[in-house]
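Undergrad:
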Amino acid sequence: MLSESSYLTALYVYLGAAVAMLLYLGWWLTKYWRGGTVALLVLLAAALLLTPAYPREGATTFAPAVIVAGFQWATQGMAGAMHALRPLGAALALAVVLALLLRLTIFRRVS
Numbered sequence: 002m003l004s005e006s007s008y009l010t011a012l013y014v015y016l017g018a019a020v021a022m023l024l025y026l027g028w029w030l031t032k033y034w035r036g037g038t039v040a041l042l043v044l045l046a047a048a049l050l051l052t053p054a055y056p057r058e059g060a061t062t063f064a065p066a067v068i069v070a071g072f073q074w075a076t077q078g079m080a081g082a083m084h085a086l087r088p089l090g091a092a093l094a095l096a097v098v099l100a101l102l103l104r105l106t107i108f109r110r111v112s
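Numbering of the sequence shown is given in our numbering, commencing with residue 2 and proceeding in unit increments.
#1: Buried or exposed, going by whether 16 or more other CB atoms sit within 10 Å of the CB of residue 44?
#2: Enumerated in chain order, which unbroken segments of the beta strand (DSSP E) with a length of 3 residues or greater are wholly contained in the segment 79-110?
#3: Pick from 4, 95 and 54: whose alpha carbon is nearest that of residue 63?
#4: Pop quiz: residue 89 and residue 75 are said to be a contact at Cβ under 8 Å. What is the actual Cβ separation, rounded to whole angstroms?
#5: For the segment 89-103 against the segment 34-43, are there 3 or more C-beta pairs whose distance is under 8 Å?
#6: Is any heavy atom of the ligand GDP found at a distance shorter than 7 Å from the C-beta of residue 6?
#7: When you compare each of 105, 68 and 18 to residue 84 by their alpha carbons, which one comes out closest?
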């Protein structure tokens, strides 16, 4: 088991790497696509990378929900993964709604 300080260090390293990857993804996609599409893809990637979930019942630490869902689905089936898939689905839905709002306000086309 990890101590509290090593858990926090691992969490900060993961969050830093995820944010750096999202910034790079946004920068790279702006070369090829419009702002609304880039916002959608970056927000969906952020939802996949940054949504937390408990690895199991009674756990006091978080893990990325996509990893928890993958391992639970592989070992226990769909019913075992539902506790991680629910917040992941909610985060993905929120990302789509937020990207739609950005597309209708900031990234709209002026005709």
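Think of the CB as a built atom: it goes at the ideal place given N, C-alpha and C, for glycine as much as any other residue.
Note that the coordinates shown come from a computational prediction; the quantities given were computed from them, not determined experimentally.
TA: In short:
#1: buried
#2: none
#3: 54
#4: Residue 89 to residue 75, Cβ: 16 Å. No contact.
#5: yes
#6: Looking at this structure, you won't find the ligand GDP or any other ligand, since it has none at all.
#7: 68
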